[in-house]
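Per numbering that gives the first Met the number 0, the sequence shown starts with residue 0, numbered consecutively. Virtual Cβ for every residue (Gly too), placed ideally from N, Cα, C.
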Amino acid sequence: MSEYKPQDGLMKPDRSVGIVGYGAYVPRYRLPASEVSKMWTNGTGGTPIVEKAVNGLDEDVITMSIEAARNSLLRARINPQEIRAVWVGSESHPYAVKPSSTIVAEAIGAVPNTMAGDWEFACKAGTEAMQAAIGFVGSG
């Protein structure tokens, strides 16, 4: 019987998989940490940050995802029509039954030949989507 090696359990795609572009979007509004501290500790507690980015009244997961996706497409210099999957991971999708990903796919011009899906996994939705993407791309 051979000895188990931790790397044996890792996902190993059939072909190389990598990231050719990335994008981000950070809302412009800020909430001072001191304001949060006032609510939780009457202003007596310390916080490890000075401020936190918060979305505007007209921003949500979908609008921020669209901005991040557009930034990614610009960096990677990819035609949106070449995209075959648009996945949005969040703890707070704005609609209960309408996928955020279909709206994002339409807004960035990645339709009609794109699979779209929403990922919900607390703080791990993005990681889960990346693992699935490795499987999709790596399998050919």
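Assigned secondary structure, Pro31 (DSSP; H/G/I helix, E/B strand, else coil): Indexing the sequence shown from 1 puts residue 31 at position 32. Reduced to three states, the DSSP call for Pro31 is strand.
Per-residue burial, Ala95 [other beta carbons within 10 Å of its own, 16 or more giving buried]: Indexing the sequence shown from 1 puts residue 95 at position 96. Looking at its Cβ environment, which holds fewer than 16 other Cβ atoms inside 10 Å, Ala95 is exposed.
Proximity below 9 Å, CB of Ile77 to CB of Gly20: Counting from one through the sequence shown, the residue named residue 77 turns up at place 78. Counting from one through the sequence shown, the residue named residue 20 turns up at place 21. Result yes, Cβ atoms of Ile77 and Gly20 sit closer than 9 Å.
Cβ-based burial, Ser119 [other Cβ within 10 Å; buried from 16]: Counted from its first residue, the sequence shown places residue 119 at position 120. It should be noted that the sequence gives Glu, not Ser, for residue 119. Its Cβ having fewer than 16 others within 10 Å, Glu119 is exposed.
Cβ neighbour criterion (16 or more within 10 Å) applied to Met114: One-based indexing of the sequence shown puts residue 114 at position 115. Answer is exposed; the Cβ neighbour count stays below 16.
Where the alpha helix (DSSP H) through Gly88 begins and ends: The count along the sequence shown starts at 1 and reaches residue 88 at position 89. Taken as a continuous stretch (DSSP letters only), Gly88 belongs to no alpha helix (DSSP H), being part of the beta strand (DSSP E) at 84-88.
Same chain only: Cβ atoms within 6 Å of Ala109, ignoring 5 sequence neighbours per side: On the sequence shown, residue 109 is found 110 positions in, with the first residue counted as 1. Apart from the 5 residues on each side of it in sequence, Ala109 sits with its Cβ closer than 6 Å to the Cβ of Pro79, Ile82, Val85 in its chain, given in chain order.
Own chain, CB closer than 8 Å to Asp117, minus 5 neighbours either side, in chain order: If you number the sequence shown from 1, residue 117 lands on position 118. Closer than 8 Å at the Cβ level, and outside the excluded window around Asp117, lie Trp86, Val87, Gly88, Ser89, His92, Pro98, Ser99, Ser100.
Cβ-based neighbour list, Ala106, same chain, cut-off 7 Å, excluding 5 preceding and 5 following: Translated into the one-based positions of the sequence shown, residue 106 becomes position 107. So the list reads Ile65, once near-sequence residues are dropped.
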